[in-house]
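K.L.:
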Amino acid sequence: MSLNLPSQRNRGRRAPMADINVTPLVDVMLVLLIIFMVTAPLLTQGVPVNLPDSRAKPLEQEQQPTEISLDAAGRVFVAKEEVGADALPQRLATIAAAGKDGQPPQVLLRADRGLDYGRVMRVMGELNAAGLNRVALVTVGDE
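The structure is reproduced here in structure tokens:
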């Protein structure tokens, strides 16, 4: 057995520190967590629409769908950009032409619950006329 006695050579030197101080790492991670918690809800907001409730499960998606929204006043928004009623067919035809592999892109239709059913159906008719048949109606889930 050997003893670790201080020798003449190691006198005055400190042993290397093998511990990692994690306090600064935790502080930085907590600040980043707070930043993400504050900014995440802002990133998902689009056109303010009061969606109806539903018990349906979310759909699986391969590519980013096109989002069309109808607000309480009946205005139509395509990807957060307001589109007039006369320009809507042209815009939908452009979206339909941008589909991959001959498939039309998925469309998410968000309509305010206070809207007249006829207005929603007119937009759905325009979607169908443009060849956009993969339409999903967005609702608020019952959790």
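For the sequence shown, position 119 matches number 120 in the numbering used here, and the numbering has no gaps at all.
For glycine and all other residues, C-beta sits at the position ideal for the given N, C-alpha and C.
These numbers were taken from a predicted model, which means no experiment stands behind them.
1. Looking at Leu110 and Val141, is the spacing between their C-beta atoms short of 8 Å?
2. With DSSP as the reference, identify every bridge partner of Glu68, one or two as the case may be.
3. Can you give the beta carbon distance from Arg120 to Leu71, rounded, assuming they're within the 8 Å contact cut?
4. Looking only at its chain, what residues have a beta carbon closer than 8 Å to the beta carbon of Pro90, apart from the 5 residues adjacent to it on each side?
5. Between the alpha carbons of Ala88 and Asn134, how many angstroms are there, rounded?
6. Taking just the CA atoms, how far does Pro53 sit from Arg76?
7. Using C-beta distances below 6 Å, list every residue in its chain close to Ala94, excluding the 5 sequence neighbours before and after it, in chain order.
8. Contact defined as beta carbons within less than 8 Å: I believe Pro106 pairs with Pro66. What is the distance between those atoms, to the nearest angstrom?
9. So, at 8 Å on beta carbons, what are the nonlocal neighbours of Val39 in its own chain, with the 5 sequence-adjacent residues on each side left out?
P.N.:
For this structure:
1. no
2. Leu109
3. 7 Å
4. Glu127, Ala130, Ala131
5. 19 Å
6. 18 Å
7. Ala131
8. 6 Å
9. none
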